[in-house]
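For the sequence shown, the UniProt record's numbering begins at 1 and goes up steadily by one. No residue lacks a Cβ here, since even glycine has one placed at the ideal position from N, Cα and C. What follows is a single structure, written as structure tokens, with notes after it.
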Amino acid sequence: MQQWRTASPEELARHRERSGWDIIRKVAPYLWPEGEREIQRRVVIAMLALVLSKVVAATTPQLYRLAVDALAEDGVSVFILGAVGLTIAYGLARFMSIGFQNLRDAVFAKVGQRALRRLALETFEHIHQLSMRYHITRKTGGLSRIIERGVKGVEFLLRFMLFSIGPLVLELLLIAAILYFQLDAWYLAVIVVTIAAYVWFTFKVTEWRVKLRRVMNEQDTDANQKAIDSLLNFETVKYFGAERREAARYDESMKGYEAAALKTAYSLAGLNVGQSLIITSGLVIVMVMAAIGVENGTLTVGQFVMVNAYMVQITMPLNFLGTVYREIRQSLVDMGEMFDLLGQPSEISDKPDAKMLKVDGGQIALKDVAFGYDEERPILKGVSLTVGAGQNVAIVGSSGSGKSTIGRLLFRFYDVNSGALEIDGQDVRDVTQQSLHDAIGVVPQDTVLFNDTIRYNIAYGRDNATEEDIVEAAKAAQIHDFVSSLPEGYDTAVGERGLKLSGGEKQRVGIARTLLKNPPLLLLDEATSALDTETELSIKEALARAGEGRTVITIAHRLSTIAEADRIVVLEQGEIVEEGTHQALLEQDGRYAQLWQRQQSDDVTADLSASLPLASQAKS
1 MQQWRTASPE
11 ELARHRERSG
21 WDIIRKVAPY
31 LWPEGEREIQ
41 RRVVIAMLAL
51 VLSKVVAATT
61 PQLYRLAVDA
71 LAEDGVSVFI
81 LGAVGLTIAY
91 GLARFMSIGF
101 QNLRDAVFAK
111 VGQRALRRLA
121 LETFEHIHQL
131 SMRYHITRKT
141 GGLSRIIERG
151 VKGVEFLLRF
161 MLFSIGPLVL
171 ELLLIAAILY
181 FQLDAWYLAV
191 IVVTIAAYVW
201 FTFKVTEWRV
211 KLRRVMNEQD
221 TDANQKAIDS
231 LLNFETVKYF
241 GAERREAARY
251 DESMKGYEAA
261 ALKTAYSLAG
271 LNVGQSLIIT
281 SGLVIVMVMA
291 AIGVENGTLT
301 VGQFVMVNAY
311 MVQITMPLNF
321 LGTVYREIRQ
331 SLVDMGEMFD
341 LLGQPSEISD
351 KPDAKMLKVD
361 GGQIALKDVA
371 FGYDEERPIL
381 KGVSLTVGAG
391 QNVAIVGSSG
401 SGKSTIGRLL
411 FRFYDVNSGA
421 LEIDGQDVRD
431 VTQQSLHDAI
441 GVVPQDTVLF
451 NDTIRYNIAY
461 GRDNATEEDI
471 VEAAKAAQIH
481 DFVSSLPEGY
491 DTAVGERGLK
501 LSGGEKQRVG
511 IARTLLKNPP
521 LLLLDEATSA
531 LDTETELSIK
541 EALARAGEGR
551 TVITIAHRLS
561 TIAEADRIVV
571 LEQGEIVEEG
581 THQALLEQDG
591 RYAQLWQRQQ
601 SDDVTADLSA
611 SLPLASQAKS
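This is how it looks when you write it as structure tokens:
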């Protein structure tokens, strides 16, 4: 049996502490996709535009210096030809630098958007591949938040790390070389020390702030999960008058987020003040050195202006670097969570040599199947059962007996711990999950519909279904007349999870969807247990029609719905205790007979209770 477990919080924390370069390496293939020549050409052009823009930006203050020095010379001709021409050249250089930057952004836009699309799609597909065990232990709100923050993190990384950090480093190197060769090493030394102190301070404080942001993220996720959970269950909240309780529960989570957000804000203020002190100190020292040089005659006024221009050119992106680095670190945290999600192993996966399931008749066989959701609590204990091709076999039993578990194993939401489950002699573990799912239609206890139209929800049963196919399925499920009576017909929106429809109407839509799928195997998992008796009787005919010509496993709580099954199997504590037709089991006077008598008694009591108010009214 394949051993699988969800990563522990400690393991996930270690993953989040991974090197930022490790995460960047994971993103790189999305920026240089194999076989996509257009995207690769765009990357090359964008990088060339980036380099050209920074080369022009680094030489622009040189034109400024020459223009100022030309203004200091005597003579009108020199002024006109020198200063004015150099000033125009300075303006053109600035325009070229900005032009190359915008060319870079425009060319790279498609690269970034394609990378975001591929990552989002890959994450979405991976979540659908994760097992039932994973999904029931995670909250949907938390997953959606991780994906949302992760994709935004990738977008930020692409926009700022490639086009802010990289260009800044190139620009600093060019400016450092110019100052070294045109002035002397002391200017370079002061600038290097200033930048080094700034970067060291920024990195150290930001590492501390990232921890604060991580706590803030966790509080934000918790509050979001509670909000979504409460809104999805708004009807239950109303039933219990628990609006204030839910608000207090949500506010408690928001208090944690507020406290974490305040710590983050205070730490940001301290970081900004420290950065400003370092940059201002370096700027003042360099400009004092340049002023002394002008006074001593070793520097011209133009060189003084040039040094000032370079310092401004350095300090402006450095101030921005602080913000960019902080956001990049946060983006790496968010991306790390998303890549952790992508790295979650799927408990159920196809074998490398898995074949397509070939249904020839549709015989289902459980061979000494043992299973438990955890080792301490076995659910099925050596169950052996054969459902013949075209048979309708019902599985009944008390709550917790394991009857619904058989349905989950058939659909391969889980793998058996021992034994085998076969369809026409093929072990479900040896066939592809897609072909297995295509062969089985399911009508669950509570049909959940998409927040879309009735047409969309029925058509979900089969790709490219025609309007005639949809209507035919609706007629077979006995819901066509109801849909036709609605003002918008099949275009009627059903609301979130189908809340605009009654329980019976939802079940009929679910039956129509399954009929449209037209599977050879059908699983009815307590399909009417949540309905009232009258609705149950009206849907019973639709279910019978759905089972015609198919192998059907009916998991039932109400025994009246399965009395006509070809065979009834009684489960108790994970073992088959009785098996036979309805009449034969009643004659045995065993466990099934007890369940039948109890339910009949309950139905009689319910009928009497319902008639008492009428009797009282008659007497009055």
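> To the nearest whole angstrom, what separates the beta carbons of Phe100 and Ser53, a pair I think is in contact under 8 Å?
Replying inline: Going by Cβ atoms, the distance from Phe100 to Ser53 rounds to 3 Å, so yes, they are a contact pair.
>> Quick check on Leu366: does DSSP put it in helix, strand or coil?
In response: In this structure, Leu366 counts as strand in the three-state DSSP scheme.
> Thr432 to Val169, Cα distance in whole Å?
Replying inline: 51 Å
> When you compare only the Cα positions, how much space is there between Leu595 and His582?
Replying inline: 12 Å
>> Let me make sure I understand the geometry here. Which of Thr60, Glu252, Gly336 has the alpha-carbon closest to that of Val305?
In response: Ranking the options by Cα distance to Val305, first place goes to Thr60.
>> According to DSSP, simplified to helix, strand and coil, what is residue 647?
In response: This structure cannot settle anything about residue 647, because the visible part of the chain is limited to 1 through 620.
> Gly85 to Thr206, Cα distance in whole Å?
Replying inline: 46 Å
> Relative to the C-alpha of Gln303, which residue among Pro317, Pro444, Val286, Leu103 is closest?
Replying inline: Among Pro317, Pro444, Val286, Leu103, the Cα nearest to that of Gln303 belongs to Val286.
>> Which runs of the alpha helix (DSSP H) at least 4 residues long sit entirely within the segment 201-269? Give them in chain order.
In response: For the segment 201-269, whole alpha helix (DSSP H) runs of length 4 or above, ordered along the chain, are 234-239.
>> Cutting at 7 Å between CB atoms, please list the residues of its own chain near Ala67, excluding the five before and the five after it.
In response: Around Ala67, the same chain offers Ala83, Leu86, Thr87, Tyr90 as residues with beta carbons nearer than 7 Å, after the five sequence neighbours per side are excluded.
> What are the start and end residues of the alpha helix (DSSP H) that includes Val107?
Replying inline: In the DSSP assignment, Val107 falls within the unbroken alpha helix (DSSP H) covering 85-129.
> Should Ser346 and Gln597 be called a contact, given that it needs their Cβ atoms to be closer than 8 Å?
Replying inline: no
>> With a threshold of 6 Å on Cβ separation, who are the neighbours of Leu174 within its own chain once the five nearest residues in sequence on each side are excluded?
In response: Ala58
> Just the Cα atoms here: how many angstroms apart are Glu96 and Val273?
Replying inline: For clarity, residue 96 is Met in the given sequence; the question names Glu instead. Taking the straight line joining both Cα atoms gives about 34 Å.
>> I need the DSSP call for Glu376, collapsed to helix, strand or coil.
In response: coil
> Do Thr453 and Ala493 have their C-beta atoms closer together than 8 Å?
Replying inline: yes
> DSSP on Lys355, reduced to helix/strand/coil?
Replying inline: strand
>> Taking a contact to mean a Cβ-Cβ separation below 8 Å, would you say Leu357 touches Leu409 in this structure?
In response: no
> Under the DSSP definition of a beta bridge, which residues are partnered with Ile423?
Replying inline: Ile423 pairs with Ile364, Gln426.
> If we count Cβ pairs, one from each stretch, closer than 8 Å, do we get three or more for the segment 394-403 versus the segment 553-566?
Replying inline: yes
> Is the Cβ-Cβ distance between Asp368 and Ser384 less than 8 Å?
Replying inline: For the 8 Å CB-CB criterion, Asp368 and Ser384 form a contact.
> Beta carbon of Val387, beta carbon of Ile553: below 8 Å?
Replying inline: It is a contact, given that the beta carbons lie within the stated cut-off.
>> Quick check on Leu515: buried or exposed, where buried means 16 or more other Cβ atoms within 10 Å of its Cβ?
In response: buried
> Which residues mark the beginning and the end of the beta strand (DSSP E) in which Ile555 is found?
Replying inline: 551-555
> Rounded C-beta distance between Ile440 and Leu524? I'm assuming under 8 Å.
Replying inline: So it is not a contact: roughly 11 Å between Cβ atoms.
>> Whether or not the segment 459-476 and the segment 501-519 are in contact is what I'm after, with contact meaning three or more pairs of Cβ atoms, one per stretch, closer than 8 Å; do they touch?
In response: yes
>> Within 8 Å, do at least three Cβ pairs link the segment 259-278 to the segment 194-213?
In response: yes
> Exposed or buried, Met311, counting other C-beta atoms within 10 Å across all chains shown (16 or more means buried)?
Replying inline: buried
>> Quick check: the Cα distance between Gly112 and Tyr325, rounded to an integer number of angstroms?
In response: 19 Å
> Residues bridged to Ser418 by DSSP?
Replying inline: The bridge partners DSSP lists for Ser418 are Ala370.
> What did DSSP end up calling Ile479 once you bin it into helix, strand or coil?
Replying inline: In this structure, Ile479 counts as coil in the three-state DSSP scheme.
>> Can you look up Arg462 in the DSSP assignment and give me helix, strand or coil?
In response: coil
> Ordered along the chain, which non-local residues of its own chain (more than five positions away) have a Cβ less than 6 Å from that of Gln219?
Replying inline: Closer than 6 Å at Cβ, skipping near neighbours: Gly256, Tyr257, Ala260.
>> Looking only at its chain, what residues have a beta carbon closer than 6 Å to the beta carbon of Thr194, apart from the 5 residues adjacent to it on each side?
In response: Gly282
> Is DSSP giving Arg567 helix, strand or coil here?
Replying inline: strand
> For Thr551 versus Gly362, is the C-beta distance shorter than 8 Å?
Replying inline: yes
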